Structures are given as C-alpha cells and as structure tokens.
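Peer 1: Pasting a structure here, questions to come.
Numbering (the numbering used here), first residue to last: 3 to 254.
If you want it as structure tokens, here you go:
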C-alpha cells in the first residue's frame with residue numbers, strides 16, 4: 003500500500019494541488035487525466051520531490067516522509083523506491099544506452115559495475131534494445147531514447163513508477179513502441195501512476211482513472227466508470243469533448 007496525504011502546492015497565489023489524498027494498491031496502474039495546466043505533472047513531480055510542495059506526506063511500505071520537510075537522506079530513500087519517466091527522456095548525452103541505465107544503479111543503489119551491468123542488460127533486453135546498448139542518445143530515435151529511459155527507471159526496481167506524458171515529445175509513428183513497453187511493464191505487475199493524453203491507451207492499460215481539475219480529484223474509478231458513466235458534470239463535459247474530437251467528421 004502506498005498512501006499520499008494532503009499534497010498541496012501553489013505557485014505564488016495560484017493553487018495547483020489542493021490537499022490531494024490518494025491510496026495506491028500494489029499493482030495499480032493509475033492514469034491521471036484532465037485539462038492542460040491542471041497540475042497533473044506537478045502532482046507526479048511533488049511525489050518524487052522534484053517540486054517542493056507546501057504540505058503533504060507519502061507512505062511507501064515502512065517509509066513515511068513529510069514531503070514538505072524531507073531531508074536529503076529521506077529524499078535518497080524516496081528516490082530508491084520511486085522512479086520517474088519524463089516527457090523528454092533526459093538521457094546523459096555522453097553515455098551510451100547501457101551506461102545510462104547503469105548510472106542510477108551505481109550512484110543511487112551503490113551497486114558494483116558488474117552487477118549493475120547485468121541488471122541494465124536485462125532491462126534493455128526487456129525493452130527490445132539490447133542490441134543498441136553501445137549506441138549514444140544522438141544515434142537513437144526518440145522512441146528508442148524513451149524506451150532506454152523506461153529501462154533506466156525499471157532497473158531501479160521501484161515500488162512506484164511515475165510516467166509523465168511519456169509519449170508527448172514523440173512523432174506519432176514512434177508512440178506505439180513506447181506504449182507497448184509501458185503496457186508490458188503494467189502486465190508484469192509494476193505499480194504506476196501515468197499522466198497521458200492517449201485516451202485509448204488509458205482505457206486499455208489502466209485499472210483506475212483519476213480526473214484532476216483545479217488541484218482536486220473530481221473522479222476516481224475504473225476506466226469504464228470514468229469514461230462511460232462519469233458522475234461529475236465537469237468530467238462529463240471533458241469526456242464529451244474528447245469523444246467529439248475523436249469522432250469522424252462524416253460518414254460515407
């Protein structure tokens with residue numbers, strides 16, 4: 003069980019997250035949807051303390067941290083238990099794919115290079131890129147770079163995997179290979195929170211969907227409940243607009 007309590011964040015007078023509470027069960031794949039600028043990415047970044055919230059605490063197993071007051075040692079432990087995949091893949095340009103995946107294992111988990119290499123090779127194989135392990139980011143496509151980033155995150159064996167719009171920076175033809183990699187991780191039982199605008203993917207891979215607006219959770223349910231039978235009027239309006247956008251303009 004992972005529990006987030008009273009997570010709050012504001013920029014100047016603008017409230018981004020307004021006391022969010024969330025319980026996450028092991029193996030949950032939670033997709034966060036909602037309009038742009040509503041705090042979805044900030045929510046993930048506060049969980050991993052890449053953003054500093056005004057209030058909030060997280061409990062992961064036997065670890066409980068006040069996210070507003072966490073000290074360096076606590077943040078190291080938090081990042082040993084969580085991994086994040088960003089919109090842009092953030093690979094080290096002067097390290098090849100294998101070295102990028104090994105980096106966190108050596109620096110954060112203090113593994114020796116031989117052990118780290120073994121884990122990194124396994125994860126690159128899992129994302130279909132073992133044959134590309136000696137290639138540098140500039141020689142990889144955007145989809146391949148994002149798959150390396152996912153391999154890097156999974157190599158840390160996180161108790162919670164955070165994915166922030168992992169396909170938003172990709173050309174449309176590269177989106178599928180990254181979504182397939184995420185789907186495979188979900189099927190393997192990883193617990194994850196996913197921010198995505200790929201609604202069909204959300205419907206198929208998530209077991210819970212959360213609608214976030216104005217810093218609050220307006221809806222929390224299965225994909226069928228949220229997409230087909232939303233209770234909140236704001237959510238109904240959002241889903242209707244999405245369906246109109248996806249509908250064909252004419253029928254022959």
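Every residue gets a Cβ at the ideal spot worked out from N, C-alpha and C, and that includes glycine. These figures come from a predicted structure and were not determined experimentally.
#1: Would the beta-carbon of residue 214 fall within 8 Å of that of residue 88?
#2: Would you report the Cα separation of residue 150 and residue 168, rounded to the nearest angstrom?
#3: Just to confirm before moving on: does the CB-CB distance between residue 171 and residue 134 stay below 8 Å?
#4: Within the same chain, show all residues whose beta-carbon is closer than 6 Å to that of residue 24, passing over the 5 residues directly before and after it, in chain order.
#5: Among the candidates 240, 187 and 82, whose CA atom is the shortest distance from the CA of residue 130?
#6: If contact is defined by three or more beta carbon pairs under 8 Å, each pair taking one atom from either stretch, is the stretch 60-69 in contact with the stretch 113-120?
#7: Please report the straight-line C-alpha distance between residue 102 and residue 234, rounded to a whole angstrom.
#8: Helix, strand or coil for residue 131, going by three-state DSSP, please let me know.
#9: Measuring straight from C-alpha to C-alpha, what distance separates residue 43 and residue 110?
#10: Helix, strand or coil: how does DSSP classify residue 85 here?
#11: Below 8 Å between beta carbons: does that hold for residue 47 and residue 77?
#12: Looking only at its own chain, which residues have a Cβ that is under 8 Å from the Cβ of residue 72, when we skip the five neighbours before and after it?
#13: Check each candidate in 200, 86, 194 and 232 and name the one with the smallest Cα separation from residue 4.
#14: Out of 128, 74 and 143, which one is the CA nearest neighbour of residue 174?
#15: Go ahead and label residue 37 buried or exposed: buried means 16 or more other beta carbons lie within 10 angstroms of its beta carbon, across all protein chains shown.
#16: Taking the alpha-carbon positions, what's the residue 60 to residue 49 distance?
#17: To the nearest angstrom, how far is the alpha carbon of residue 126 from that of residue 15?
#18: How far does the beta strand (DSSP E) with residue 10 in it reach, from first residue to last?
#19: What residues in its chain sit with their C-beta under 6 Å from that of residue 2, if we drop five residues either side in the sequence?
#20: Looking only at C-alpha atoms, which of 95, 157 and 108 sits nearest to residue 139?
Peer 2: Checking against the coordinates, here is how it stands:
#1: no
#2: 12 Å
#3: no
#4: 6
#5: 187
#6: no
#7: 43 Å
#8: coil
#9: 24 Å
#10: strand
#11: no
#12: 51 and 80
#13: 194
#14: 143
#15: exposed
#16: 7 Å
#17: 44 Å
#18: 4-13
#19: Because residue 2 is not part of the residues shown, which for the chain are 3 to 254, the question remains open.
#20: 95
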